[in-house]
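The next block holds one structure in the form of structure tokens; read it before the comments.
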Amino acid sequence: MGKKLKIVIAVIVGAAIIGGVAAWLMWNKPHQDVKDATAIQTTAIDLYNSFLKDSAAAKTTYTNEVVEVSGEVTQVNHNQQNQSVVLLKTTTPDAAINCTMEDTAAIIKPGETIHIKGICNGYNSGDADMGIPGDVLLIRCYKTN
Amino acid sequence: MKKTIVLMVVILAATHSFAQKFYTKNGLISFYSKSSMEDITADNNEVLSVINTTTGDLQFSVLNTGFHFKKALMEEHFNENYMESDKYPKAIFKGKITNLSAVNFAKDGSYTVTVTGPLTMHGVTNTVTADGTVTIKNGSISATSKFKIKLADYEISIPSVVKNNIAEIVDVTVSCNYPNKM
């Protein structure tokens with residue numbers, strides 16, 4: 096086998112290994128670490144009102160970003176998969192910052208003021224015909240205070 | 023005069039008790055894609071759903087970016103390549119229970135229902151008909167349903183390179199409790 100051929104084979108094998116490792120790393124890329132991520136700071140009332148006032152601007156600023164929200168807890172429920180769902184008070188009746196918790200250790204009670212960090216999923220407008228206001232959704236949330 | 027007032031109060035009370043709508047903002051929609059290469063599941067726990075026990079109207083609204091996958095890359099591909107969530111952020115179903123008389127909302131039990139209506143997803147609307155179960159327990163309403171969706175019907179195209187990884191028809195499961203009354 097000639098020296099040139101050996102080099103070509105080595106380059107091809109090397110490229111294949113590097114490509115394979117890169118693909119494997121990409122495929123197994125972990126989800127964003129919400130708990131330790133840098134977050135946009137805001138309050139529940141400001142976050143909700145920003146979606147009501149200018150939803151396009153709020154979407155650009157907050158959607159798919161890690162946001163840390165402070166606010167008063169109005170309800171703590173559980174969803175179908177037994178995750179805690181914390182509702183933070185807004186100035187619109189029956190509307191909330193709807194926080195689905197990834198944090199299983201946090202003990203949260205209605206009435207307390209807390210800070211919650213999570214990924215903002217946007218505003219799911221309610222049903223105007225039925226008079227149901229929408230919520231701003233935060234997912235994969237952690238209590239930070 | 024007194025009789026008139028009593029009659030009006032009775033009519034108002036009756037109207038209120040019959041015109042009942044229940045809703046949740048944290049219902050669950052899951053989907054499951056089974057293929058020769060891999061099985062893919064995703065859950066969304068932030069489903070807005072409203073059921074009107076008088077008319078049988080049943081609605082669902084969900085933000086596509088809320089579907090959570092086991093792998094981050096799957097989530098990215100789902101939103102960027104397949105659902106185009108920036109362009110089509112929501113999936114909406116506005117249907118009706120076609121056999122509403124089969125459900126006694128005042129009596130505990132499980133009732134088999136058929137729901138039909140338009141499902142809009144990825145900018146395409148198709149009529150979907152699905153069987154489901156409405157369960158009444160101690161006055162609380164819950165509903166479940168399983169049905170199939172053909173991705174091509176919603177113009178969701180799968181690149182040939184991952185054709186073997188994603189099923190052409192995916193199973194959709196809906197499960198909602200309705201704790202809020204209007």
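These protein sequence lines map, in sequence, to chains A and B. Everything in the first sequence is counted per our numbering, starting at 96 for the first residue and increasing by one. Everything in the second sequence is counted per our numbering, starting at 23 for the first residue and increasing by one. A virtual CB, placed ideally from N, CA and C, is assigned to each residue, including glycine. Only a predicted model underlies this, so the values are computations on that prediction, with no experimental measurement involved.
Residue i at chain A interface by Cβ criterion, 8 angstroms
i	result
Ala-22/B	Look at the range of chain B in this structure, 23 to 204, and you will see that residue 22/B is not part of it.
Asn-67/B	yes
Met-59/B	no
Val-183/B	no
Met-204/B	yes
Ala-205/B	For residue 205/B there is no data in the structure shown, the boundaries of chain B being 23 and 204.
Gln-42/B	no
Val-72/B	yes
Asn-233/B	Absent from the structure is residue 233/B, since the part of chain B shown begins at 23 and ends at 204.
Gly-88/B	yes
Alpha carbon of residue i to alpha carbon of residue j, nearest angstrom
i	j	result
Pro-181/B	Val-194/B	22 angstroms
Val-31/B	Gln-42/B	Reliability of the predicted coordinates at Val-31/B is poor, the pLDDT of 49 falling under 50, and the value obtained from them is presented with this limitation in mind. Near 17 angstroms, if we compare the C-alpha coordinates of Gln-42/B and Val-31/B.
Asn-121/B	Thr-136/B	6 angstroms
Ile-51/B	Phe-89/B	9 angstroms
Phe-91/B	Val-164/A	24 angstroms
Ser-58/B	Asn-199/B	34 angstroms
Gly-114/A	Val-196/B	40 angstroms
His-126/A	Gln-178/A	18 angstroms
Asp-230/A	Gly-78/B	24 angstroms
Glu-190/B	Asp-224/A	35 angstroms
Cβ of residue i within 8 angstroms of any chain B Cβ
i	result
Val-180/A	yes
Met-121/A	yes
Asn-159/A	yes
Lys-124/A	yes
Thr-239/A	no
Gly-114/A	no
Inter-residue CB distance, residue i and residue j (contact presumed, cutoff 8 angstroms)
i	j	result
Tyr-157/A	Cys-194/A	Wrong, their Cβ atoms sit about 14 angstroms apart, outside the cutoff.
Val-270/A	Asn-174/A	Because chain A is modelled from 96 through 240, residue 270/A falls outside the range shown and cannot be assessed.
Leu-183/A	Glu-167/A	7 angstroms
Item to check | Three CB pairs or more closer than 8 angstroms across the segment 122-134 of chain B and the segment 94-102 of chain B | outcome: no
Checklist entry - Fully enclosed by the segment 128-175 of chain B, which beta strand (DSSP E) runs are 3 residues long or longer? => result 131-143, 146-159 and 162-172
Item to check | Cβ contact check for the segment 165-175 of chain B and the segment 146-154 of chain B: 3 or more pairs under 8 angstroms | outcome: yes
Checklist entry - What alpha helix (DSSP H) runs, 4 residues minimum, are completely inside the segment 55-92 of chain B? => result If only uninterrupted alpha helix (DSSP H) runs of at least 4 residues are considered, none is enclosed by the segment 55-92 of chain B.
Item to check | Sufficient close CB pairs (3 or more, under 8 angstroms) joining the segment 149-156 of chain A to the segment 98-116 of chain A | outcome: no
Checklist entry - Would you call the segment 136-148 of chain B and the segment 104-115 of chain B in contact, with 3 or more CB pairs under 8 angstroms? => result yes
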